[in-house]
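Participant: All the letters of the sequence shown, read from the start, carry residue numbers 17 to 313 under the working numbering.
All C-beta atoms, glycine included, are put in the ideal place defined by N, C-alpha and C.
This is the structure I want to talk about, given as structure tokens.
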Amino acid sequence: MSVLSFPERGPWGDAKWRGNCSGYIYKSLFEQLRPKVFVDPMCGSGTSIEVAREMHIEAYGLDLHQGHNILRDSILLAVGKPADLCLSHPPYGDMVVYSGEVWGTPHADDLSRCISEDDFHEKLHIALLNQRDATKPGGYYGTIIGDKRSKGTYVSYQAEAIARMPASELAAVLIKHQHNVMSNSRSYPGMKLPRVSHEFILLWRRPEVITSFLTDLAGMAKQQSARLTSTWKALVRTVLVSLGGQASLSQIYEKVAKNAPERLAANPHWQAKVRQTLNQNQSFFAPIERGVWSLAS
Numbered sequence: 017m018s019v020l021s022f023p024e025r026g027p028w029g030d031a032k033w034r035g036n037c038s039g040y041i042y043k044s045l046f047e048q049l050r051p052k053v054f055v056d057p058m059c060g061s062g063t064s065i066e067v068a069r070e071m072h073i074e075a076y077g078l079d080l081h082q083g084h085n086i087l088r089d090s091i092l093l094a095v096g097k098p099a100d101l102c103l104s105h106p107p108y109g110d111m112v113v114y115s116g117e118v119w120g121t122p123h124a125d126d127l128s129r130c131i132s133e134d135d136f137h138e139k140l141h142i143a144l145l146n147q148r149d150a151t152k153p154g155g156y157y158g159t160i161i162g163d164k165r166s167k168g169t170y171v172s173y174q175a176e177a178i179a180r181m182p183a184s185e186l187a188a189v190l191i192k193h194q195h196n197v198m199s200n201s202r203s204y205p206g207m208k209l210p211r212v213s214h215e216f217i218l219l220w221r222r223p224e225v226i227t228s229f230l231t232d233l234a235g236m237a238k239q240q241s242a243r244l245t246s247t248w249k250a251l252v253r254t255v256l257v258s259l260g261g262q263a264s265l266s267q268i269y270e271k272v273a274k275n276a277p278e279r280l281a282a283n284p285h286w287q288a289k290v291r292q293t294l295n296q297n298q299s300f301f302a303p304i305e306r307g308v309w310s311l312a313s
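See below:
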């Protein structure tokens, strides 16, 4: 079914963890997709992992509060093998702030502490690219995400995520009924539009024949030329993540050039574009020494 509704969260995970997803959602997805290896890179209290293991699925849970930073650390390197299904349940912007409130101290790479909606969209894009890289050919990757309305503005996280990822890989958009949310107990005078009482499960399928993530990112840039600058930042950042967080320009060039699409290979200035991206985005990239770059701290 493309519409899922489970009022009860079930016995899995920690009921006190805010923003928990019902374990029955994961159970339904696992029954449909039948993954042998499952990865949740934002596992929170571990609901998805408990459900998967109960169903005898090999499962790996990662999370920022456990030390894994999806914006900086390769999921594939952390797990050691590609997943049949890599599904995340990120924060919905600042609707629930996690680091410093639900757990630990405030963390700059916590997706619930983004400085703007655009910052969130870009970081979720990077996270999804990391998930894609951790998924085997023919496998599925995706996210459970809700939209929000704040101060009269509707923010569609799912629409932005779909727009930024490869259109040819989108496999399904499922609707999830949202139960037991705090906004249901509040009154909003003058609100004419219905409350947001649904979430989305977005699933992409990685192609059976893998080219390179560069090819796919170039395709995304073509689809959304207005977002080209953001795409280049995501591209270069993903390259650095795959190289362990620090690399020389020659290593970055080699990774970019390997199996690159014709539009990049035929462009005599693509290396200059890489350097421009590094130099103009030093909140994301930091020079270590001449010709060596890392992710900014």
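Between the Cα of Ser-264 and those of Thr-151, Lys-249, Lys-97, Ile-304, spot the shortest distance and give me the residue it belongs to.
Facilitator: What you label residue 264 is simply residue 248 of the sequence shown in a count that begins at 1. Cα-wise, what sits closest to Ser-264 is Ile-304.
Participant: Using a 10 Å radius around the Cβ and a threshold of 16 neighbouring Cβ atoms, would you call Arg-306 buried or exposed?
Facilitator: Walking along the sequence shown from the start, residue 306 turns up at place 290. When all chains shown are included, Arg-306 counts as exposed.
Participant: Of the choices Leu-20, Cys-37, Met-58, whose alpha-carbon is the least far from that of Gln-48?
Facilitator: Counted from its first residue, the sequence shown places residue 48 at position 32. It is Leu-20.
Participant: Can you look up Ala-31 in the DSSP assignment and give me helix, strand or coil?
Facilitator: For the purposes of this step, residue 31 is taken as residue 15 along the sequence shown, with counting starting at 1. If DSSP states are grouped into helix, strand and coil, Ala-31 belongs with coil.
Participant: Please classify Lys-139: does DSSP put it in a helix, a strand, or coil?
Facilitator: Looking up residue 139 in the sequence shown gives position 123. Helix, per DSSP.
Participant: Measuring alpha carbon to alpha carbon, tell me which residue in Pro-122, Lys-152, Arg-221 is nearest Ile-178.
Facilitator: On the sequence shown, position 162 is the one that residue 178 refers to. The option with the nearest alpha carbon to Ile-178 is Arg-221.
Participant: With the cut-off set at 8 Å, would you say Thr-151 and Pro-106 are in Cβ contact?
Facilitator: Taking the sequence shown and counting its residues from 1, one reaches residue 151 at position 135. Taking the sequence shown and counting its residues from 1, one reaches residue 106 at position 90. It is not a contact, given that the beta carbons lie outside the stated cut-off.
Participant: Alpha carbon to alpha carbon, what distance is there between Tyr-108 and Met-133?
Facilitator: Residue numbering aside, residue 133 sits at position 117 when the sequence shown is read from its first letter. Residue numbering aside, residue 108 sits at position 92 when the sequence shown is read from its first letter. The question names Met, but residue 133 is Glu in the sequence shown. Roughly 10 Å separates the two Cα atoms.
Participant: Beta strand (DSSP E) containing Thr-121: first to last residue?
Facilitator: Along the sequence shown, one-based indexing puts residue 121 at 105. Note, Thr-121: premise wrong, no beta strand (DSSP E); not H, not E.
Participant: Could you give the DSSP three-state label for Ala-99: helix, strand or coil?
Facilitator: As a first step, residue 99 is located in the sequence shown; it is residue number 83 there, counting from the start. In the structure shown, Ala-99 sits in a strand (DSSP, three-state: E or B).
Participant: Under three-state DSSP, which class holds Leu-145?
Facilitator: Against the sequence shown, residue 145 aligns to sequence position 129. Correct three-state label for Leu-145: helix.
Participant: Between the alpha carbons of Cys-130 and Ala-250, how many angstroms are there, rounded?
Facilitator: Counting from one through the sequence shown, the residue named residue 130 turns up at place 114. Counting from one through the sequence shown, the residue named residue 250 turns up at place 234. Straight-line Cα distance between these residues: approximately 16 Å.
Participant: Are the segment 67–80 and the segment 51–59 in contact at 8 Å, needing three or more beta carbon pairs?
Facilitator: Output reads yes: the segment 51–59 touches the segment 67–80.
Participant: For Val-189, does the three-state DSSP call read helix, strand or coil?
Facilitator: For the purposes of this step, residue 189 is identified with residue 173 of the sequence shown, where counting begins at 1. Reduced to three states, the DSSP call for Val-189 is strand.
Participant: Short of 7 Å in beta carbon distance, which residues of its chain neighbour Gln-147, apart from the five on each side in sequence? Order them along the chain.
Facilitator: Your numbering for residue 147 matches position 131 in the sequence shown. Correct list, in chain order: Pro-57, Ile-91, Cys-102, Ser-104, Tyr-157.
Participant: Secondary structure at Arg-222, three-state DSSP: helix, strand or coil?
Facilitator: Here residue 222 refers to the residue found at position 206 when the sequence shown is read from its first residue. Coil.
Participant: Confirm, please, whether the CB-CB distance from Tyr-173 to Ile-161 is below 8 Å.
Facilitator: Reading the sequence shown from its first residue, position 145 is the one you call residue 161. Reading the sequence shown from its first residue, position 157 is the one you call residue 173. Against a cut-off of 8 Å, the Cβ pair of Tyr-173 and Ile-161 comes out as a contact.
Participant: Let me know if Thr-63 comes out buried or exposed under the rule of 16 or more other beta-carbons within 10 Å of its beta-carbon.
Facilitator: Translated into the one-based positions of the sequence shown, residue 63 becomes position 47. Result: buried.
Participant: Among Asp-135, Val-112, Asp-149, Thr-121, which has the Cα closest to the Cα of Asp-100?
Facilitator: Position 84 of the sequence shown holds residue 100. Measuring from the Cα of Asp-100, the nearest candidate turns out to be Asp-149.
Participant: Apart from the five residues just before and just after Val-255, which ones in its own chain have a Cβ nearer than 7 Å to its Cβ?
Facilitator: Here residue 255 is taken as the residue at index 239 of the sequence shown, counted from 1. Hits under 7 Å: Ile-268, Lys-271, Val-272.
Participant: Alpha carbon to alpha carbon, what distance is there between Ala-302 and Leu-87?
Facilitator: Reading the sequence shown from its first residue, position 71 is the one you call residue 87. Reading the sequence shown from its first residue, position 286 is the one you call residue 302. So the two alpha carbons sit approximately 15 Å from each other.
Participant: Between which two residues does the alpha helix (DSSP H) holding Ser-61 run?
Facilitator: Residue mapping note: residue 61 aligns to position 45 of the sequence shown, counting from 1. Premise fails: Ser-61 is in no alpha helix (DSSP H) and is neither H nor E.
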